[in-house]
Amino acid sequence: MYVWHWGVVWSHLAYLVGGLELTAVITVTSMAIGSALGVGVAGARLSRWWPLRLAVGAYIEFVRGTPFLVQLLWLYYAIPIVTGLNYPSIVAAIAAGSLNIAAYNGELFRAGILAVPSGQQDAALALGMTRWAAFRRVTWPQALRIVLAPLGSTWVGLFKDTSLVSIIAVSELMYRAQTLAINTFRPAELYTAAAVIYFLVTYPQARFLDRTFKRLSVHA
Amino acid sequence: MSERHSPDSAYAVRVTGVSKRYGETVVLRDVSLEVRRGEVVVLLGRSGSGKTTLLRCINGLTSVDGGEIWVDGRSVTMRGENLPELRRHVGMVFQSFNLFPHRSVVSNVMEGPRTVLHRPRAESRAKAMELLARVGLADKADAKPATLSGGQQQRVAIVRALAMQPSVMLFDEATSALDPELVGEVLSTMQELAEDGMTMIVVTHELAFAEEVGDRVIFMDEGVIVEEGVPSQLLHNAREAVTRKFLSQLEWHKEP
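So the sequences go chain by chain: A and B.
Just so we're aligned, residue 171 is where the first sequence starts under this note's numbering, counting upward by one.
Just so we're aligned, residue 19 is where the second sequence starts under this note's numbering, counting upward by one.
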């Protein structure tokens, strides 16, 4: 029967939980950059110019058709070798996260935009708005409300997936748990602790997003 | 006929030889129509006859394949025409209201003056409240459109268009989506507008409205104007068999 030694977790708890700081930085930055790019991706997918549609479509399929881990390692190891560029692992982590979110949110935004009845744009244009004003004032606010709930899922998914960047030695929560596990020979305690910490932070976010977004979409 | 400004500005709307097709389907063929200022023209015809497409061509929401359209002496169909600028002067009311569901009633009415004309908020709001009061909906100013009845929503849609002070109003089956008991309130708003001298092109199936409010009735079928005339003549003494057939069917569907 295995004897648990939780002392190793308690004595390193501050260091472990401190890893959440980078987890949060990667999540927030990737979500912000990825969502901004995602609006562009959605716009390009809905463009009347087919080469743009095709190029962005290929990008989306590439991101969705390859594992995040592969994209991460490719950005961190392959690009510097090929181009001679050097950047810290946190940059590779945020780049991988952003490019991923851009693809997924791009598809989400596109679906949201298409879900807004075309009569809304007609009404906006009939008032004399330009296409851009009609999008900004009428179509987009409604599209955003439609996709808020799935956007919440993207956020939670990203938050957990940041654990993968531990593989390129970004010192976030998972990397710290791993390092401690190796050094203390206590993987059972440390990976359990990591799981509990992830859950305690993720669950309230998921519930909060769910409730807030549900309320917002009702008032759409 | 290629100059950007039509010399004859007695007409609010001029449509000359307009055609439109979607793939193999011809929706409009060689349609010509002139609407004088202050005139109320009613377009009748079964669904698919091209009435709605004609209306959408007049404010450029749908492009034409051939022919020309002028509104207030300005070309709608010429290449490079500034459509947003032109549409400021052409109000449109849709069958499905198309109010902006994420904005309050008063915001809907303020949207044109604010976003398009960049008028100050206070001024736009005062104007919007005045218009809402005119159709008896001032108390609904802060409500969301979804909480209003269909008839109320359509009246808001009408004043949203009026807030731009258009010179022409286009009505695309404005009462077709309404429950029968709500049709009257929207028609009377439209009638008041006509009595105020607004130039109107009205696509509708309401024969009583056509007779009472219309200056001229046009019957369309399969993308062409079959005949036109003053309401008393066209509605009761149509020349063409196809018109008489359509009118008899409409009569048959009408509430007693």
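Ideal Cβ positions, reconstructed from N, Cα and C, are used throughout, including at glycine.
Computed from a predicted structure; not experimentally measured.
Inset, instruction - Say whether chain A places a C-beta atom closer than 8 angstroms to the C-beta of Glu103 (chain B). - result: yes
Inset, instruction - Kindly indicate which three-state DSSP category Met208 (chain B) falls into: helix, strand or coil? - result: helix
Legend entry - Proximal residues to Gln171 (chain B) (C-beta, below 7 angstroms), its chain only, five neighbours per side dropped: The residues are Phe115, Leu117, Pro163.
Legend entry - Assigned exposure category for Phe237 (chain B) - 16 Cβ within 10 Å defines buried: It is buried - the Cβ of Phe237 (chain B) has at least 16 other Cβ atoms within 10 Å.
Legend entry - Spatial neighbours of Arg106 (chain B) in its chain, beta-carbon cut-off 7 angstroms, leaving aside the 5 residues before and after: Val134, Met182
Inset, instruction - Using three-state DSSP, classify Trp88 (chain B) as helix, strand or coil. - result: strand
Inset, instruction - Decide if Leu374 (chain A) is buried, meaning its Cβ has at least 16 other Cβ atoms within 10 Å, or exposed. - result: In the sequence as presented, Leu is not what sits at residue 374 (chain A); that position holds Pro. So Pro374 (chain A) counts as exposed.
Legend entry - Minimum Cβ-Cβ distance from Ala390 (chain A) to chain B less than 8 angstroms: In this prediction, Ala390 (chain A) scores a pLDDT of 48, lower than 50, which makes its location untrustworthy; no coordinate-derived value is stated.
Inset, instruction - Verify whether the separation of the beta carbon atoms of Gly56 (chain B) and Gly215 (chain B) is less than 8 angstroms. - result: Taking a C-beta distance under 8 angstroms as the contact criterion, Gly56 (chain B) and Gly215 (chain B) qualify as a contact pair.
Inset, instruction - Please confirm whether Val53 (chain B) and Asn126 (chain B) have their CB atoms less than 8 angstroms apart. - result: No. Outside cutoff.
Inset, instruction - Pick out whichever of A:Pro357, A:Ala248, A:Met344 has its Cα sitting closest to the Cα of Tyr172 (chain A). - result: Taking each of A:Pro357, A:Ala248, A:Met344 in turn and checking the Cα distance to Tyr172 (chain A), the smallest one comes out for A:Pro357.
Legend entry - Inter-stretch contact (C-beta, 8 angstroms, three-pair minimum) for the segment 285 to 298 of chain A and the segment 339 to 356 of chain A: no
Legend entry - Contacts around Ala179 (chain B), its chain only, beta-carbon distance under 7 angstroms, and the 5 residues preceding and following it disregarded: Gly109, Met110, Val111, Met187
Legend entry - Interface residues of chain A facing Met208 (chain B) [CB-CB closer than 7 angstroms]: Under the 7 angstroms cutoff, chain A gives no residues; its nearest Cβ is about 17 angstroms from Met208 (chain B).
Legend entry - Residue-chain proximity (Gly130 (chain B), chain A), Cβ-Cβ < 8 angstroms: So, interface residue.
Legend entry - Ser20 (chain B) in three-state terms, based on DSSP: With a pLDDT of 43 at Ser20 (chain B), under the threshold of 50, the predicted position of this residue should be treated as unreliable, though the coordinate-derived value follows. Coil, per DSSP.
Legend entry - Neighbourhood of Val286 (chain A) by C-beta, 6 angstroms cutoff - its chain only, sequence neighbours within 5 removed: Thr309, Gln312, Ala313
Inset, instruction - Give the DSSP bridge partners of Thr34 (chain B), in chain order. - result: DSSP, once it has assigned bridges, lists B:Glu86 as partnering Thr34 (chain B).
Inset, instruction - Answer with buried or exposed for Arg218 (chain A), where buried requires no fewer than 16 other C-beta atoms within 10 angstroms of its C-beta. - result: Its Cβ having fewer than 16 others within 10 Å, Arg218 (chain A) is exposed.
Legend entry - Buried versus exposed call for Arg257 (chain B) [16 or more other C-beta atoms within 10 Å across all chains shown]: exposed
Inset, instruction - Consider the Cβ of Asp380 (chain A): report whether some Cβ of chain B lies at a distance smaller than 8 angstroms. - result: no
Legend entry - Residues of the segment 277 to 303 of chain A whose Cβ lies closer than 7 angstroms to any Cβ of chain B, in chain order: Gly289, Gln290, Asp292, Ala293, Leu295, Ala296, Leu297, Gly298, Met299, Thr300, Ala303
Inset, instruction - State the Cα-Cα distance for the pair Ile260 (chain A) and Leu149 (chain B), rounded to the nearest angstrom. - result: 57 angstroms
Legend entry - Listed by chain order, chain A residues near Thr133 (chain B) by CB distance under 7 angstroms: Met299, Ala303, Arg307
Inset, instruction - State the beta-bridge partners of Thr217 (chain B) as determined by DSSP. - result: In DSSP, Thr217 (chain B) forms a bridge with B:Val186.
Inset, instruction - Report the residue ranges of all alpha helix (DSSP H) runs contained in full by the segment 213 to 250 of chain A; include only those spanning at least 4 residues, in chain order. - result: 220 to 235, 238 to 243
Inset, instruction - Using beta-carbon positions only, say whether Phe383 (chain A) and Gly322 (chain A) come within less than 8 angstroms of one another. - result: Going by C-beta atoms, Phe383 (chain A) is nearer than 8 angstroms to Gly322 (chain A).
Inset, instruction - Please state whether DSSP places Phe237 (chain B) in a helix, a strand or coil. - result: Three-state DSSP puts Phe237 (chain B) in a strand.
Inset, instruction - Just the C-alpha distance for Ile249 (chain A) and Leu255 (chain A), rounded to the nearest angstrom, thanks. - result: Cα to Cα, Ile249 (chain A) sits roughly 7 angstroms from Leu255 (chain A).
Legend entry - Cβ shell of Thr95 (chain B) (< 6 angstroms), same chain only, five flanking positions each side left out: Val82, Glu86, Ile87
Inset, instruction - Indicate whether Thr71 (chain B) and Val33 (chain B) have their beta-carbon atoms separated by less than 8 angstroms. - result: no
Legend entry - Closest Cα partner of Ile176 (chain B) within the set B:Val60, B:Val49, B:Met218, B:Thr261: For Ile176 (chain B), the nearest C-alpha among the options comes from B:Met218.
Inset, instruction - Establish whether the CB of Arg218 (chain A) and some CB of chain B are separated by less than 8 angstroms. - result: no
Legend entry - Contact between the segment 328 to 337 of chain A and the segment 234 to 247 of chain A (3+ Cβ pairs under 8 angstroms): yes
Legend entry - Closest residue to Lys38 (chain B) among B:Gly68, B:Leu61, B:Leu62 (Cα-Cα distance): B:Gly68
Inset, instruction - Along the alpha helix (DSSP H) that carries Glu103 (chain B), what are the first and last residues, could you check? - result: 101 to 105
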